[in-house]
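Protein chains in written order, with the working numbering: chain F, 1 to 110; chain U, 1 to 114.
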Amino acid sequence: AQSVTQPDIHITVSEGASLELRCNYSYGATPYLFWYVQSPGQGLQLLLKYFSGDTLVQGIKGFEAEFKRSQSSFNLRKPSVHWSDAAEYFCAGGRAQFYFGTGTSLTVIP
Amino acid sequence: KAGVTQTPRYLIKTRGQQVTLSCSPISGHRSVSWYQQTPGQGLQFLFEYFSETQRNKGNFPGRFSGRQFSNSRSEMNVSTLELGDSALYLCASSLQGDPYNEQFFGPGTRLTVL
């Protein structure tokens with residue numbers, strides 16, 4: 001079955017600390033992979049996407065993600081978290097149809 | 001350029017009723033997708049419309065239906081509402097609907113079924 005899994009429901013980090021959010025996918029072929037962010041009361045905003053090629057993808061707001069085929073993972077990283085990064089993060093994958101993970105809620109403490 | 005708009009933003013219905021949600025895509029976008037977001041299930045794909053035709057469909061019962069008009073605006077209808085239909089319903093628009101085109105999401109319609 002095609003699916004995207006985000007193992008961490010909630011993560012708390014200190015402002016200025018590094019961040020890594022995990023995402024694993026299960027798909028017949030390599031899916032297109034995406035990370036979205038959702039702030040309270042807002043829709044989802046695309047942070048970055050991976051289709052093929054370079055496995056390290058740069059996105060907006062200083063985020064990056066690395067595609068690792070051997071681990072079926074597409075983890076999101078940021079070297080230094082800002083308080084405004086507190087939000088819900090969703091990993092998604094698919095081709096004709098998108099499969100979303102259940103999300104990781106990020107809390108940033110000062 | 002205006003973003004994706006969804007109306008209404010909040011809705012309260014009772015079991016057995018039906019509801020219609022509306023989504024206006026970004027101007028020029030021809031694809032509209034609908035998603036259901038719940039705390040337990042996350043975001044689940046409902047269906048996608050492109051040029052007034054349903055092109056993809058998720059695994060939802062027939063009570064969930066949709067349509068798209070010639071101006072690309074889309075409506076989603078849920079008949080015979082159940083308590084479990086309480087969710088945030090998001091629509092997203094894109095130029096062509098393929099993954100190469102970014103999906104832009106609306107703020108959602110919060111549906112509460114009592």
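Glycine included, C-beta positions come from ideal geometry on N, C-alpha and C.
Quick test of your reading: Gln2/F and Gly94/F, contact by CB under 8 Å. State the CB separation rounded to the nearest angstrom.
For this step, residue 2/F is matched to residue 2 along the first sequence. For this step, residue 94/F is matched to residue 94 along the first sequence. That pair is a contact at about 7 Å.
Helix, strand or coil for Arg169/U per DSSP?
Past the boundaries of the shown model lies residue 169/U; chain U is included only from 1 to 114, so the question cannot be answered.
Any contact of the region 78-98 of chain U with the region 11-22 of chain U, i.e. 3+ C-beta pairs under 8 Å?
yes
Looking at C-alpha atoms only, which residue of Leu33/F, Trp83/F and Phe63/F is the closest neighbour of Gly53/F?
Taking the first residue of the first sequence as 1, we reach residue 53/F at position 53. Nearest of Leu33/F, Trp83/F and Phe63/F to Gly53/F, Cα basis: Leu33/F.
Grab me the residues of Tyr50/F's own chain with a C-beta within less than 6 Å of its C-beta, minus the 5 sequence neighbours each way, in chain order.
Residue mapping note: residue 50/F aligns to position 50 of the first sequence, counting from 1. Taken in chain order, the residues that qualify are Leu33, Val57 and Phe67.
Looking at the secondary structure, which residues open and close the beta strand (DSSP E) in which Cys91/U lies?
For the purposes of this step, residue 91/U is taken as residue 91 along the second sequence, with counting starting at 1. Note, Cys91/U: beta strand (DSSP E), Ala87 to Ser94.
Bounding residues of the beta strand (DSSP E) (the contiguous stretch that carries Phe90/F):
For the purposes of this step, residue 90/F is identified with residue 90 of the first sequence, where counting begins at 1. Where Phe90/F is concerned, the enclosing beta strand (DSSP E) stretches over Ala87 to Gly94.
From the DSSP secondary-structure annotation, give me the bridge partner or partners of Leu44/F.
Along the first sequence, read from residue 1 onward, the residue named residue 44/F stands at position 44. Per DSSP, Gln38/F.
Between Gln36/U and Ala87/U, is the Cβ-Cβ spacing less than 8 Å?
Along the second sequence, one-based indexing puts residue 36/U at 36. Along the second sequence, one-based indexing puts residue 87/U at 87. Result yes, Cβ atoms of Gln36/U and Ala87/U sit closer than 8 Å.
Where Gly84/U sits in the DSSP three-state scheme:
Within the second sequence, numbered from 1, the residue matching residue 84/U stands at position 84. Residue state, collapsed to three classes: helix.
Just curious, the beta strand (DSSP E) that Gly66/U is in, first and last residue?
As a first step, residue 66/U is located in the second sequence; it is residue number 66 there, counting from the start. It spans Phe64 to Gln68 - the beta strand (DSSP E) in which Gly66/U sits, taken as one unbroken run.
Please state whether DSSP places Gln2/F in a helix, a strand or coil.
By 1-based counting over the first sequence, the position of residue 2/F is 2. In the structure shown, Gln2/F sits in coil (DSSP, three-state: anything other than H, G, I, E or B).
Counting only the same chain and skipping the five closest in sequence on each side, list residues whose C-beta sits under 8 Å from that of Val19/U.
In the second sequence, residue 19/U corresponds to position 19, counting from 1. Excluding five sequence positions before and after Val19/U, the CB atoms of its chain that fall closer than 8 Å to its own CB belong to Leu11, Lys13, Asn77, Val78, Leu81 and Leu111, given in chain order.
Endpoints, beta strand (DSSP E) assigned at Arg74/U
For the purposes of this step, residue 74/U is taken as residue 74 along the second sequence, with counting starting at 1. As written in the sequence, residue 74/U is Ser, which differs from the Arg given in the question. Per DSSP, Ser74/U belongs to the beta strand (DSSP E) from Ser74 to Val78.
Reference Gln71/F, options Ile9/F, Gly16/F, Ser26/F and Glu15/F, closest by Cα:
For the purposes of this step, residue 71/F is taken as the residue at position 71 of the first sequence. Looking from the CA of Gln71/F, the closest CA among Ile9/F, Gly16/F, Ser26/F and Glu15/F belongs to Ser26/F.
DSSP three-state assignment for Ser52/F, whether helix, strand or coil
The sequence position of residue 52/F within the first sequence is 52, counting from 1. In the structure shown, Ser52/F sits in coil (DSSP, three-state: anything other than H, G, I, E or B).
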